[in-house]
Amino acid sequence: MATWVTGNVVQIKHWRDGLFSLIVHAPIYPFTAGQFTKIGMNINGNKIQRAYSYVNAPQNSNLEFYLIAVPNGKLSQALHKLQSGNQIMITKEAAGLFVLNKIPPCQNLWMIATGTAIGPYLSILEHGKELERFKRIILIYAVRFVHNLNYLPQMLKLQHRYNDKLQIQIIISQEKVPGYLMGRIPTLIANGSLELAVDLNLNAKNSHVMICGNPNMIVDTQQLLNNSRGMRKNSKYNPGHITIENYW
Ligand SMILES: Cc1cc2nc3c(=O)[nH]c(=O)nc-3n(C[C@H](O)[C@H](O)[C@H](O)COP(=O)(O)OP(=O)(O)OC[C@H]3O[C@@H](n4cnc5c(N)ncnc54)[C@H](O)[C@@H]3O)c2cc1C
Ligand SMILES: NC(=O)c1ccc[n+]([C@@H]2O[C@H](COP(=O)([O-])OP(=O)(O)OC[C@H]3O[C@@H](n4cnc5c(N)ncnc54)[C@H](OP(=O)(O)O)[C@@H]3O)[C@@H](O)[C@H]2O)c1
Numbered sequence: 294m295a296t297w298v299t300g301n302v303v304q305i306k307h308w309r310d311g312l313f314s315l316i317v318h319a320p321i322y323p324f325t326a327g328q329f330t331k332i333g334m335n336i337n338g339n340k341i342q343r344a345y346s347y348v349n350a351p352q353n354s355n356l357e358f359y360l361i362a363v364p365n366g367k368l369s370q371a372l373h374k375l376q377s378g379n380q381i382m383i384t385k386e387a388a389g390l391f392v393l394n395k396i397p398p399c400q401n402l403w404m405i406a407t408g409t410a411i412g413p414y415l416s417i418l419e420h421g422k423e424l425e426r427f428k429r430i431i432l433i434y435a436v437r438f439v440h441n442l443n444y445l446p447q448m449l450k451l452q453h454r455y456n457d458k459l460q461i462q463i464i465i466s467q468e469k470v471p472g473y474l475m476g477r478i479p480t481l482i483a484n485g486s487l488e489l490a491v492d493l494n495l496n497a498k499n500s501h502v503m504i505c506g507n508p509n510m511i512v513d514t515q516q517l518l519n520n521s522r523g524m525r526k527n528s529k530y531n532p533g534h535i536t537i538e539n540y541w
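Rendered as structure tokens:
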């Protein structure tokens, strides 16, 4: 049974298109970078709870979440209306296997995200542990518009920190922006544009792919990697090349 504690909202940053960042203080147990927790609120007498990934590194006491107010979404709409000083409920325990210590040995780690699912990668990269074993880390991030790149300054700082080891490739699906790819992740893998842009081959021999976010993107990408690259899902007893986290 999860242990629920009170979280105090210390900051809420509103971005465009219903995106927002929530910063909370709460007495949680330590978590592993890449994991999620549950946030809850009483709405019309009912406790509504949903999963949200930590954006902050485990050592940071500002618990940060990156959300989108889903149209007609029960909890995300209520969270969107919060102000600093308000309280929420949060589980002390984190959960999830979208963590580095579940990834089998490999040379190159590909981190693929859409929308708010950049969070777990920021947590992992800010934490900075267990990354020595990878030769290269390629962070692929797809959003609709360039104005949705709310964490770009933090991503660029991380790129600077990791130097040549971390490569970031932004994909914008709805507008053409110089320096960024345009389109959708599976299409850009299938037509070779993504590998050309990062100058690296994505294959089962030396790569592991983490994929997080939009479930349709995950299904399509996983199917493509399976059919065209012979990559299969990683599991405890059957090591593979793909680790996924579906957001809905
Ligand atoms: C492991 C995990 C981690 C997650 N981490 C995050 C996170 O860091 N940030 C975040 O914003 N969300 C995250 N989610 C999604 C989150 O748990 C909720 O599903 C989301 O906030 C919608 O909840 P709601 O109560 O507002 O909508 P609901 O009233 O539950 O339902 C709305 C409907 O919208 C769809 N939907 C749900 N989420 C989305 C979405 N993001 N975009 C489009 N459609 C959606 C679903 O089909 C759902 O049936 C995560 C989910 C999981 C399982
Ligand atoms: N961000 C906004 O501007 C906005 C505005 C109003 C409402 N919303 C709603 O908020 C929710 C989340 O929006 P979001 O923009 O954060 O996340 P999203 O819809 O998951 O989109 C993020 C990125 O994922 C891509 N994508 C979506 N489906 C895909 C698939 N099947 N395969 C590959 N790539 C795929 C999108 O490309 P495509 O652009 O090609 O889909 C986009 O580049 C949605 O319900 C949306 O309707 C978003």
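Residues in the sequence shown are numbered from 294 upward in steps of one, following the working numbering.
Cβ coordinates follow ideal geometry from the N, Cα and C atoms, glycine included.
With a cut-off of 8 Å on the beta carbons, I'd call residue i and residue j a contact; round off their distance for me.
i: Y473; j: I482; result: Not confirmed; about 16 Å, so no contact.
i: S416; j: N355; result: Between N355 and S416 the Cβ distance is about 12 Å, and since that is not below 8 Å, they are no contact.
i: L518; j: V502; result: 6 Å
i: A295; j: T407; result: Contact doesn't hold; Cβ gap of about 27 Å is too wide.
i: C399; j: N494; result: Not a contact, Cβ separation roughly 13 Å.
In the DSSP assignment, what are the bridge partners of residue i?
i: N531; result: S528
i: S521; result: DSSP output for S521 lists no bridge partner at all.
i: E538; result: C505
i: Q342; result: G333
i: I300; result: Checking the sequence shown, residue 300 turns out to be Gly, not Ile. Answer by DSSP bridge pairing, in chain order: I381.
Based on Cα-Cα distance, which residue from the options lies nearest to residue i?
i: G333; options: L495, V302, I430; result: V302
i: R309; options: S466, L442, P351, H420; result: L442
i: L418; options: L432, N379, L390; result: L432
i: T299; options: P397, N335, H307, I411; result: N335
i: H534; options: D492, K450, L402; result: L402
i: K469; options: G485, Q460, Q452, A435; result: A435
i: S466; options: D457, P479, N520; result: P479
i: I461; options: A388, R477, L487, H440; result: L487
i: H318; options: E357, T325, N484, A410; result: E357
i: Y345; options: T330, P413, H420, G523; result: T330
i: Y540; options: Q516, K422, L360; result: L360
i: N496; options: R477, D513, N520; result: N520
i: V491; options: E386, Q352, I430; result: I430
i: A326; options: H373, V363, G421; result: G421
i: P351; options: G338, N339, E386, R343; result: E386
For residue i, count neighbouring Cβ atoms within 10 angstroms of its own Cβ and tell me buried if that reaches 16, exposed if not.
i: S369; result: buried
i: P471; result: exposed
i: Q328; result: buried
i: F438; result: exposed
i: Y530; result: exposed
i: H453; result: exposed
i: N456; result: exposed
i: N507; result: buried
i: G378; result: exposed
i: M475; result: exposed
i: G542; result: One cannot answer for residue 542 here, as it falls past the ends of the chain, which runs 294 to 541.
Report whether the distance from the Cβ of residue i to the nearest heavy atom of ligand 4 is below 7 Å.
i: R522; result: This structure does not include ligand 4; its bound ligands are ligand 1 and ligand 2.
Alpha helix (DSSP H) runs contained entirely in the segment 435-476, provided each spans 4 or more residues: Those alpha helix (DSSP H) runs which fall completely within the segment 435-476 and span 4+ residues are 445-455.
Completely contained beta strand (DSSP E) runs for the segment 356-410, where each covers 3 or more residues: Runs of the beta strand (DSSP E) inside the segment 356-410: 356-361, 380-384, 401-407.
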